[in-house]
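Engineer: Got a structure for you, questions after.
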Amino acid sequence: MITAVTAVSGQLGAEIARKLMALPNATPVIGLARTPGKVRDLGIEIRPGDYDKPEQLRASLSGVEALVLVSGMAPPEDRIGQHRNVIEAAKAAAVRKIVYTSIQGPEQGTAFSAVVQSNRQTEADIRACGLDWVIGRNGIYIEPDVEYIDSYRAQGEIANSAGTGKCGYVTRSELAHAYAAMLMQPAHNGQTFDLNGAPISQTELAAHLNRTFGTDLGYRVMSPEDFVADRSAELGDFLGPIIGGIYDGIRLNAYDRPGDFKAVMGRPHQPWGDYFASLRR
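The opening position of the sequence shown corresponds to residue 30 in this note's numbering, with each subsequent residue numbered one higher.
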């Protein structure tokens with residue numbers, strides 16, 4: 030069986046491709062990327078995969094039997110059509126199975142909700158496409174908090190609007206393991222899985238970071254309005270409200286769920302103590 034992964038120029042797509050190649054029963058893996066020349070060191074065939082180019086997608090999916098569709102990064106009003114281009118190209122190329130990387134989050138009431146709704150529409154499109162399918166709903170990546178440690182250290186605290194809400198974070202590596210299993214195991218067909226680790230609070234996140242990096246971070250609650258203003262000043266007026274909407278979702282407990290890693294993998298997501306201990310090695 031030839032499998033393909035879209036968006037392999039990104040971190041999640043590349044990691045899924047690596048996990049598929051590392052399986053004991055690995056089959057040929059093809060990567061799709063909008064700009065193939067940007068993909069290096071994967072060691073697989075890379076084909077053009079621009080979500081806005083249906084004919085290109087059909088040609089690039091020739092011979093592919095199973096596909097991981099990594100959700101695009103376009104604005105919500107654009108990504109639904111882009112994903113439909115991939116789905117239709119997969120059908121035209123006689124792909125038999127699609128696995129989609131969707132997201133968790135509040136479907137109404139936050140600045141992030143439009144992004145969540147666009148993913149729900151793609152989920153519906155995939156369920157109706159007539160192919161075998163599996164959908165994963167990703168939790169919030171934990172890596173950005175780790176990568177932000179120098180800024181946290183400079184500020185002496187973690188400050189956001191999550192309040193006491195708990196978040197089922199996830200690592201890209203564990204997600205990639207799960208998507209490889211979802212692609213290769215027929216028993217998962219026709220199911221939707223929440224992919225996240227054990228939910229933790231911002232205070233617990235600060236404690237993990239302190240043990241790992243020798244910091245002394247506390248957690249300070251910001252108002253939603255102040256947090257959006259803070260993020261907008263650093264990230265701009267498009268991303269700032271979206272980040273604020275994600276933390277609104279944490280405050281509203283939209284990410285406080287047990288997760289389905291055990292159903293997918295036969296084991297839970299890596300415990301957070303183990304993950305942070307691995308960063309100290």
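Even glycine gets a Cβ: it sits at the ideal position worked out from N, Cα and C.
1. Alpha carbons only, please: which of N114, G92 and I109 is nearest the one belonging to R125?
2. Buried or exposed, going by whether 16 or more other CB atoms sit within 10 Å of the CB of L96?
3. Judging by CA-CA distance, which residue of P53, E233, Q85 and S38 is the nearest neighbour of A62?
4. Quick check: the stretch 220–234 against the stretch 287–296, are at least 3 beta-carbon pairs closer than 8 Å?
5. Counting Cβ pairs closer than 8 Å, one from the stretch 155–172 and one from the stretch 241–256, do we hit at least three?
6. Which value, in whole angstroms, describes the spacing of the CA atoms of P57 and M30?
7. Below 8 Å between beta carbons: does that hold for G60 and A46?
8. Could you check the C-alpha separation between Y284 and D277 for me, to the nearest Å?
9. Quick one: grab the DSSP three-state call for D107.
10. So, does the CB of E176 fall closer than 8 Å to a CB anywhere in chain D?
11. For the pair the stretch 114–131 and the stretch 174–184, tell me if three or more CB-CB distances fall below 8 Å.
12. Where in the stretch 47–73 do unbroken runs of the beta strand (DSSP E), each at least 3 residues long, occur, reported from the N-terminal end onward?
13. Measuring alpha carbon to alpha carbon, tell me which residue in G194, G165, T200 and D154 is nearest P173.
14. Kindly identify the DSSP beta-bridge partner or partners of C158.
15. Once DSSP output is grouped into helix, strand and coil, what is the label at P297?
16. Suppose the cutoff is 8 Å on Cβ atoms and the five residues either side in sequence are ignored; what does the same chain contact list for H206 look like?
17. Can you have a look at L264 and say buried or exposed, based on whether 16 or more other CB atoms are within 10 angstroms of its CB?
18. Nearest-angstrom Cα distance between V257 and P83?
19. What is the residue span of the alpha helix (DSSP H) that I279 lies within?
20. Less than 8 Å between C-beta atoms, sequence neighbours within five positions excluded: which residues of the same chain meet that for N54?
21. At what residues does the alpha helix (DSSP H) containing D179 begin and finish?
22. So, under 8 Å CB-CB, G194 and I279 are touching, yes? Tell me the CB distance rounded to an integer number of Å.
23. Put R149 into one of helix, strand or coil per three-state DSSP.
24. Use the C-beta contact count for A235: other C-beta atoms within 10 angstroms, 16 or more gives buried, fewer gives exposed.
25. Once the 5 residues before and after I272 are set aside, which same chain residues still bring their CB inside 7 Å of it?
26. Could you pull the DSSP bridge partners for I75 from this structure?
27. Given that a residue counts as buried once 16 or more other Cβ atoms are within 10 Å of its Cβ, and exposed if not, what is E176?
Structural biologist: Based on what the coordinates show:
1. G92
2. buried
3. When each option's Cα is compared against that of A62, the closest is S38.
4. yes
5. Flag = no, the stretch 155–172 and the stretch 241–256 do not touch.
6. 7 Å
7. yes
8. 10 Å
9. helix
10. No chain D is present in this structure, which holds just one protein chain.
11. no
12. 58–62
13. Cα-wise, what sits closest to P173 is T200.
14. DSSP, once it has assigned bridges, lists no residue as partnering C158.
15. Under the three-state reduction of DSSP output, P297 falls in the coil class, being neither helix nor strand.
16. Counting only Cβ-Cβ distances below 8 Å, and skipping sequence neighbours, we find K48 and M294.
17. exposed
18. 37 Å
19. L268 to R280
20. Take N54, set aside five residues on each side of it, and the residues of its chain with a beta-carbon closer than 8 Å to its own are M213, in chain order.
21. I178 to Q184
22. 4 Å
23. Of the three classes helix, strand and coil, the one that applies to R149 here is helix, per DSSP.
24. buried
25. R260 and L264
26. G60
27. Looking at its Cβ environment, which holds fewer than 16 other Cβ atoms inside 10 Å, E176 is exposed.
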